[in-house]
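Student:
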Amino acid sequence: MRLLQRNIMIGHWNVRGIKTRCFELEKYSERFDVLLLEETLLKAGDDFCLPGFSVLRRDERRGTVIAVRNRPGLTYLPLDFSSFCSVDRDVQGVTISDGRRSGSINIINVYISKATSAGDWEFLHHIESMGSCIISGDFNARSPVWCCSGMYNPNGRRLETALRDLDLQLISTPVPTRLAQRHGDSDTTIDLCLVSPDLLPDTTWRPTFLSGSDHLLCEVKVAVADLHQAAPRRARLYPKSATEGDVFTRMRIRAGRAKRRGRQENREVVKCSRRPKWWTDDVESLWIRKQKALHDWRVSRRSPCETVRDMARVRRNRTAALFKRCASRSKAECWDSFIRQANQNCTMFWRFVSSMADSACSNANLQIEHNGRVLKTENERGEAFLQRFLQQCTQNDLTARTDLRGELDALIEGSGAAPVFTLQDLQAAIKRMTDTSSGPDLLTSKEFKALSNRELHVLLGEINTSIKTGAIPTHWTDSFLVPIPKPGKDHRTLAGHRVITVQNAGGKLVEGLVSRSLAATLEPQLPGSMGAYRRGRATWLNVGQVAHLITEAFEAKQHVLTVSLDLQDAYNMVSVPLLARNLLDSGVNPYLVRWILAAFQSRRCALKCGRWLSEWTNVMMALPQGSPLSPVCFNAYTLPIATMTLPPSMQLFTFADDLLLVATGKSLDLLQIRMQETLDSLDTICRRASMTVNPAKASACVFSLSKRALPPCQLSYAGRPIPSEDSVTHLGITLDKGLSFNTHVEKVVSSCTRSLGVLKMAKRKGVNQARLLQLYRSLVQSRLLYGAEVITATASALEKLDRVQTAALRIVTGCTRDTARATLRYMANLQSVPQQVETLRVKAVARALESHEHPLHEVARGLVTRPPLRRLRRAGWLRRASDTLRELRGRHQFRSRPQFEPTPDGVAELWTIISQHSLGRSCREWPPGVANVEFESLLEELMAEGDALLATDGSVIREPLPRSGWGCFIRSAELTQSVSGATRLVLSSMRAETEAVTVGLSALNQLLPDCQHIVVATDSQSLLRKLEGGVSPPEWWTDRRITWLYCPGHAGVEVNEKADRLAGNGAPATSRIVLSASDFQQLLKFKMETDDARKPNPGEAEVGRMARVGLRPGWIARSGLCGPRGRMACQLACGTVSRRTLADICTLGGAETAWRRIFGSRSVDEAVAEE
1 MRLLQRNIMI GHWNVRGIKT RCFELEKYSE RFDVLLLEET LLKAGDDFCL
51 PGFSVLRRDE RRGTVIAVRN RPGLTYLPLD FSSFCSVDRD VQGVTISDGR
101 RSGSINIINV YISKATSAGD WEFLHHIESM GSCIISGDFN ARSPVWCCSG
151 MYNPNGRRLE TALRDLDLQL ISTPVPTRLA QRHGDSDTTI DLCLVSPDLL
201 PDTTWRPTFL SGSDHLLCEV KVAVADLHQA APRRARLYPK SATEGDVFTR
251 MRIRAGRAKR RGRQENREVV KCSRRPKWWT DDVESLWIRK QKALHDWRVS
301 RRSPCETVRD MARVRRNRTA ALFKRCASRS KAECWDSFIR QANQNCTMFW
351 RFVSSMADSA CSNANLQIEH NGRVLKTENE RGEAFLQRFL QQCTQNDLTA
401 RTDLRGELDA LIEGSGAAPV FTLQDLQAAI KRMTDTSSGP DLLTSKEFKA
451 LSNRELHVLL GEINTSIKTG AIPTHWTDSF LVPIPKPGKD HRTLAGHRVI
501 TVQNAGGKLV EGLVSRSLAA TLEPQLPGSM GAYRRGRATW LNVGQVAHLI
551 TEAFEAKQHV LTVSLDLQDA YNMVSVPLLA RNLLDSGVNP YLVRWILAAF
601 QSRRCALKCG RWLSEWTNVM MALPQGSPLS PVCFNAYTLP IATMTLPPSM
651 QLFTFADDLL LVATGKSLDL LQIRMQETLD SLDTICRRAS MTVNPAKASA
701 CVFSLSKRAL PPCQLSYAGR PIPSEDSVTH LGITLDKGLS FNTHVEKVVS
751 SCTRSLGVLK MAKRKGVNQA RLLQLYRSLV QSRLLYGAEV ITATASALEK
801 LDRVQTAALR IVTGCTRDTA RATLRYMANL QSVPQQVETL RVKAVARALE
851 SHEHPLHEVA RGLVTRPPLR RLRRAGWLRR ASDTLRELRG RHQFRSRPQF
901 EPTPDGVAEL WTIISQHSLG RSCREWPPGV ANVEFESLLE ELMAEGDALL
951 ATDGSVIREP LPRSGWGCFI RSAELTQSVS GATRLVLSSM RAETEAVTVG
1001 LSALNQLLPD CQHIVVATDS QSLLRKLEGG VSPPEWWTDR RITWLYCPGH
1051 AGVEVNEKAD RLAGNGAPAT SRIVLSASDF QQLLKFKMET DDARKPNPGE
1101 AEVGRMARVG LRPGWIARSG LCGPRGRMAC QLACGTVSRR TLADICTLGG
1151 AETAWRRIFG SRSVDEAVAE E
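When we follow full-length UniProt numbering, the leftmost residue of the sequence shown carries the number 1, and every step to the right adds one.
What follows is the structure, given as structure tokens:
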């Protein structure tokens, strides 16, 4: 048995004003677990924080503070001692629990200025009755028993008398704790410590440092004797002497070497982990000088010579001021350096944001109640989480799984070959890997992306062998189990947490390959009402279908009855044998079904709770949360629910474990009867699938425009009544009974307003405007616009959302309240919220028109092609978008498939893309004719006899008359031909270039049908990057060889200049084209800009001025300005200057000087020249 000695460090100090002791306090706090501070002199509105500590303040009278370190295993509960406080006494307490020690300790912080009666010390009797306690602080009591001065005062006499009737023991020794400040006074021991008898053998006390205050910082050390035998060292999960020579073992060895090398390099840099980063060598030297001056003053203050005493005091004050000045400067420089790194490093920036928003969920210091007791230590919490997880996952179906495995083996013997993944599949899967939390082997995506070509082939062979044999290496499925708090739940209970699996990256890579193959097989069988984890399906799409049904029912004067249900512990309740049989019935390859069954058979897991890690346990789980396979398998498992037989005028929408039943009709009583029958059928299906509906989350809602009060619904599920509500929240969007979306808008405004605090805090800490704008898009705009496609709120409701955006932009830019909204939006390159909502709505319907698999394809096509025969009382989101699309389309056609699709492998093999060569944009500055000669010589190298050249270009003109044109020049040994076209629409430049290529290839098919090689010369790098990304328009897919060649525009290349002239003036604007979703988005943006220009727009002058001096839309996102400099730049650009900025401008010498310092010497003429 081995005795492990540890200490709980407690410090108590009368700081005499905590604001002037911040630097000393931050340094001294490194050695303590609990700090007790007296005479803090803090007011209610003062800000105070101590890095690494939770601070409990009591600001009445002189003020006290208790700070408890935030470390795993140390928890606390505040004690209410307000009844013990009086005019002359402050008492503050806290109960701490340390995982290294059994039992808790009551720590009491005391400050007493006057206690001359026996009743003033009665509170010690009450504290003593609480059990183990430590009472420390400034008692202002002197007695020869403990005071070094050997004198009494009234407090000391009464305290000495009170201690005779108490079991509390005084452990303070006659050592000075307060130093005399005046000549003739004596040092005293008035900072005392009392402990209960059970703590006396393990507790020591001593004074330590003197710094600034006349009181010394005192230290109380509580020894923690852990008499348990030290746990044996845990065996390596992946031993170094492993015999397997697979790719994963070599990757682990390389990763381990790299980490050891990094630790060796950082060993010289990190000299002392306990020293703050701002505590530099200069600060250390000034600290030593300050301590020496304090020591000299303590010696000289007893001198009878007044000159010696004054010189010592002046030297003490001077060294203290120098230390504070240097420490403040060092701290500011350290912070500025961190902010600069955070502005440049995206990962560091988001970690910094998480620390500000306190969004990093952790249960390390959370006390959880379970079975009537409080789980205080990480060990207790971890064991409770693990037991609950095992109870949820255990299904006792090992026999059923084994029998099914035998059936699958027999089925596979008579089936065809096993599916084989290609090298391209593996490379694409590795490219999709992101930097998520690493599993037990600590491998990340970086190690997989660094694999050599030979190692990729070896890894691919291991994967295909595993699929063929159904044997999965153990280390593929090794996982950590991590409990994380559920948003909006009670985190003091085990049910308020979700246990997720953090699997090894290699296993997730293989499961990702299998899940994509499985999803491709299941996709044609999934109904359109199933919206979870399907490619091309937005989260809000199910809500969009429901909203459309409700608005159409309103037009037909019908009621809509909805019932919202939630499957309880959905992933943990899945029966794996039943899942495998469902996959077989769905036509999934038996090899893949057997592999999935093996993947869920048994996993080696260990639960992590803070720094505690359980023993490794083999868990036979259902669908692990965090596995790439789980979402796709859950869709297959719930397919019988999603495809259940429903009565007429009723639909069922599913999204993972969320179910929504929707019924429409004129009779509400008939709807309730049909709904109850459907609920009974759903209960039967769920019981067959071992699924349970959570009754606490079930709700019913009636949507109607009837002005009469409707009776509440009388529905039940499995014998439990379903409550009726006035609104239903599904997938984060709240639908009220009149479908006005007012409730939803209010929730969004409230949520976004809270997020503005993070923006303000980040700005105060020095984050630049580019990062602030990125933070706005992530935290505020994403919430403002989630589900905006289906929201048909009133103009006043959308105005509320626009105000939130304006407030956020004012925070980002630092502009005043009288700055026009148009100016703020120009600087950030944003539209107003109503415009963004309309754009998203039109884009969503246009994408539905392009995809035949979209659940709203037929509905959207019918609404767009056939306008309503009568005026609608309230148009839904689909009808509003359809009206806009008809207006934008004019006489042109809708595209029936996406404009860019993945290029087939057979076509991609025939294409050669040359986007970089000797001719770049710099050749525009060459002498006339040189670039043309170089380009012609390049064509001679690429082309042979019988090949054809196709030079294309597009042109977009916005003023005075909108026009988009395209032209192409065809040249071969047999002919030369020019083709062009134009339209009155404003398209994007790449869209015009795409139309030119489409027209040119179509003309080549007619003019030169036997040509086998075409060189397409284009000046659009964006188009070439699209092709390099593996996507292209289907109209370009032919069996000819095509070489895509970059041709610099406006450089004097003859063929490009001809195509450019054809695009600009070659044809009248009478062509009809096929419009895609991106085209409609561009057309709607131009329409909105035109409409804004026609009506009075505040801020138009400021926007024009910024455009003239070269500040383009969104310039703050590229400026990198921050702090007062960024505020001054934005206010100068807008022309609305605050008093604070005006003072800064005057300090710099005027507005012109300030402008030149920020933006340089760019004048209007120089800006035009740059353009």
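Ideal Cβ placement from N, Cα and C applies to all residues, glycine included. None of these values were measured; they are calculated from a predicted model.
Can you list, in chain order, the residues of its chain whose CB lies under 6 Å from that of L910, leaving out five sequence neighbours each side?
Tutor: Against the sequence shown, residue 910 aligns to sequence position 910. If we look at L910 and ignore the five residues flanking it on each side, its Cβ neighbours are R1041.
Student: Whole angstroms are fine: how far does the CA of Q1082 sit from the CA of D988?
Tutor: By 1-based counting over the sequence shown, the position of residue 988 is 988. By 1-based counting over the sequence shown, the position of residue 1082 is 1082. Reading the sequence as shown, one finds Ser at residue 988 and not Asp. Roughly 7 Å between the two C-alpha positions.
Student: When burial is assigned at 16 or more other CB atoms within 10 Å of the CB, is P254 buried or exposed?
Tutor: Working through the sequence shown from its first residue, we reach residue 254 at position 254. In the sequence on display, residue 254 carries Arg and not Pro. Looking at its Cβ environment, which holds fewer than 16 other Cβ atoms inside 10 Å, R254 is exposed.
Student: Note down the Cα distance separating H457 from R498, rounded to an integer number of angstroms.
Tutor: Here residue 457 refers to the residue found at position 457 when the sequence shown is read from its first residue. Here residue 498 refers to the residue found at position 498 when the sequence shown is read from its first residue. Whole-angstrom Cα-Cα distance: 38 Å.
Student: Measure the Cβ-Cβ separation of D33 and V87 and say whether it is below 9 Å.
Tutor: The count along the sequence shown starts at 1 and reaches residue 33 at position 33. The count along the sequence shown starts at 1 and reaches residue 87 at position 87. Result no, Cβ atoms of D33 and V87 do not sit closer than 9 Å.
Student: Tell me whether the beta-carbon of residue 1211 lies closer than 9 Å to the beta-carbon of V563.
Tutor: With the chain running from 1 to 1171 in the structure shown, residue 1211 is simply not present.
Student: Find out if the Cβ-Cβ distance for the pair V693, L565 is shorter than 9 Å.
Tutor: The residue given as residue 693 occupies position 693 in the sequence shown. The residue given as residue 565 occupies position 565 in the sequence shown. Their beta carbons are under 9 Å apart, which means V693 touches L565 by this criterion.
Student: Would you kindly report the start and end of the unbroken beta strand (DSSP E) that includes V907?
Tutor: As a first step, residue 907 is located in the sequence shown; it is residue number 907 there, counting from the start. It is not in any beta strand (DSSP E) - V907 instead sits in the alpha helix (DSSP H) that spans D905 to L910.
Student: In whole angstroms, what separates the C-alpha of D282 from that of S1119?
Tutor: Counting from one through the sequence shown, the residue named residue 282 turns up at place 282. Counting from one through the sequence shown, the residue named residue 1119 turns up at place 1119. Their backbone Cα atoms lie some 35 Å apart in a straight line.
Student: On the three-state DSSP scale, how would you describe L390?
Tutor: The residue you call residue 390 lines up with position 390 of the sequence shown. Of the three classes helix, strand and coil, the one that applies to L390 here is helix, per DSSP.
Student: Identify, in the order they occur along the chain, each residue of the same chain with its Cβ nearer than 8 Å to the Cβ of G766, setting aside the five sequence neighbours on each side.
Tutor: Residue mapping note: residue 766 aligns to position 766 of the sequence shown, counting from 1. Excluding sequence neighbours, G766 sits near W335, D336, I339, C1122 and G1123.
Student: Mind checking whether S515 and L408 have CB atoms under 9 Å apart?
Tutor: By one-based count along the sequence shown, residue 515 stands at place 515. By one-based count along the sequence shown, residue 408 stands at place 408. Taking 9 Å as the Cβ cut-off, S515 and L408 do not qualify as a contacting pair.
Student: Taking only runs that begin and end inside the region 145-178, name each unbroken alpha helix (DSSP H) of 4 or more residues, in chain order.
Tutor: Counting whole runs of 4 or more residues, the region 145-178 contains the alpha helix (DSSP H) stretches 154-164.
Student: Could you say if the region 26-45 and the region 10-17 meet the contact criterion of at least three C-beta pairs nearer than 8 Å?
Tutor: Output reads yes: the region 10-17 touches the region 26-45.
Student: Can you tell me the Cα-Cα spacing of D435 and K446, whole angstroms?
Tutor: Numbered from its first residue, the sequence shown carries residue 435 at position 435. Numbered from its first residue, the sequence shown carries residue 446 at position 446. Those two C-alpha atoms are separated by around 8 Å.
Student: Considering just the uninterrupted stretch of the beta strand (DSSP E) at I368, what are its terminal residues?
Tutor: For the purposes of this step, residue 368 is taken as the residue at position 368 of the sequence shown. Start and end: I368 to H370.
Student: What are the residues that DSSP puts in a beta bridge with D736?
Tutor: For the purposes of this step, residue 736 is taken as the residue at position 736 of the sequence shown. Partner(s): S727.
Student: Quick check: the Cα distance between residue 1172 and H1050, rounded to an integer number of angstroms?
Tutor: This structure cannot speak to residue 1172, because the chain is shown only from 1 to 1171.
Student: For R1157, which residues of its own chain have a beta-carbon under 7 Å away from its beta-carbon, when the five flanking residues on both sides are left out?
Tutor: Here residue 1157 corresponds to residue number 1157 of the sequence shown, with the count starting at 1. Answer for R1157: L1148, listed in chain order.
Student: Short of 7 Å in beta carbon distance, which residues of its chain neighbour L710, apart from the five on each side in sequence? Order them along the chain.
Tutor: Along the sequence shown, one-based indexing puts residue 710 at 710. These residues qualify, in order along the chain: L668, V702 and S704.
Student: Across the region 815-824 and the region 1134-1147, are there enough close Cβ pairs to call them in contact, namely three or more that are closer than 8 Å?
Tutor: The region 815-824 vs the region 1134-1147: in contact.
Student: Provide the residue span of the alpha helix (DSSP H) that contains M990, from first to last.
Tutor: Residue numbering aside, residue 990 sits at position 990 when the sequence shown is read from its first letter. Unbroken alpha helix (DSSP H) run through M990: S989 to L1007.
Student: Rounded to the nearest angstrom, what separates F123 and M9 at their Cα positions?
Tutor: Locating residue 123 in the sequence shown gives position 123, where the first residue counts as 1. Locating residue 9 in the sequence shown gives position 9, where the first residue counts as 1. If you take the alpha carbons of F123 and M9, they lie about 25 Å apart.
Student: Please determine, among L443, L411, L375 and P78, the residue with the shortest C-alpha to C-alpha distance to R250.
Tutor: Sequence index remark: in the sequence shown, residue 250 carries index 250 (1-based). If we check each option's Cα against that of R250, L443 comes out closest.
Student: Tell whether a beta-carbon distance below 9 Å holds between G1029 and A992.
Tutor: The residue given as residue 1029 occupies position 1029 in the sequence shown. The residue given as residue 992 occupies position 992 in the sequence shown. No, the pair does not count as a contact, with Cβ atoms beyond the cut-off.
Student: Just list the alpha helix (DSSP H) runs in the region 503-591, keeping only unbroken ones of 4 residues or longer that don't cross its boundaries, in chain order.
Tutor: As far as the region 503-591 is concerned, its whole alpha helix (DSSP H) runs of at least 4 residues are 505-522, 541-555 and 576-585.
Student: Rounded to whole angstroms, what's the CA-CA distance from C85 to Q836? Just pull it up for me.
Tutor: To locate residue 85, count along the sequence shown from 1; it is residue 85. To locate residue 836, count along the sequence shown from 1; it is residue 836. Roughly 58 Å between the two C-alpha positions.
Student: Where do the N-terminal and C-terminal ends of the alpha helix (DSSP H) with V1137 fall, by residue?
Tutor: The count along the sequence shown starts at 1 and reaches residue 1137 at position 1137. No alpha helix (DSSP H) holds V1137; DSSP gives it neither H nor E.
Student: Under three-state DSSP, which class holds V757?
Tutor: The count along the sequence shown starts at 1 and reaches residue 757 at position 757. Just to set this straight, residue 757 is Gly in the shown sequence, not Val. Of the three classes helix, strand and coil, the one that applies to G757 here is helix, per DSSP.
Student: Using the Cβ count rule (16 or more neighbours within 10 Å means buried), how would you classify K376?
Tutor: To locate residue 376, count along the sequence shown from 1; it is residue 376. Looking at its Cβ environment, which holds 16 or more other Cβ atoms inside 10 Å, K376 is buried.
Student: When the Cβ atoms of the region 942-957 are set against those of the region 997-1017, are three or more pairs found closer than 8 Å?
Tutor: Segments in contact, yes.
Student: Going along the chain, which residues of its own chain have a beta-carbon closer than 6 Å to the beta-carbon of A795, five neighbours each way excluded?
Tutor: As a first step, residue 795 must be located in the sequence shown, where it is residue number 795. Counting only Cβ-Cβ distances below 6 Å, and skipping sequence neighbours, we find nothing.
Student: Could you tell me how far apart the beta carbons of T912 and W1044 are, in whole angstroms, since I believe they sit closer than 8 Å?
Tutor: Here residue 912 is taken as the residue at index 912 of the sequence shown, counted from 1. Here residue 1044 is taken as the residue at index 1044 of the sequence shown, counted from 1. The Cβ separation is near 7 Å, so the contact holds.
Student: What did DSSP end up calling I10 once you bin it into helix, strand or coil?
Tutor: Here the question's residue 10 lines up with position 10 in the sequence shown. I10 falls in the strand class under three-state DSSP.
Student: Looking at C-beta atoms only, is the number of pairs between the region 95-102 and the region 44-54 that lie closer than 8 Å three or more?
Tutor: No, the region 95-102 does not touch the region 44-54.
Student: What does the alpha-carbon distance come out to for the pair P590 and G512?
Tutor: Reading the sequence shown from its first residue, position 590 is the one you call residue 590. Reading the sequence shown from its first residue, position 512 is the one you call residue 512. Roughly 18 Å between the two C-alpha positions.
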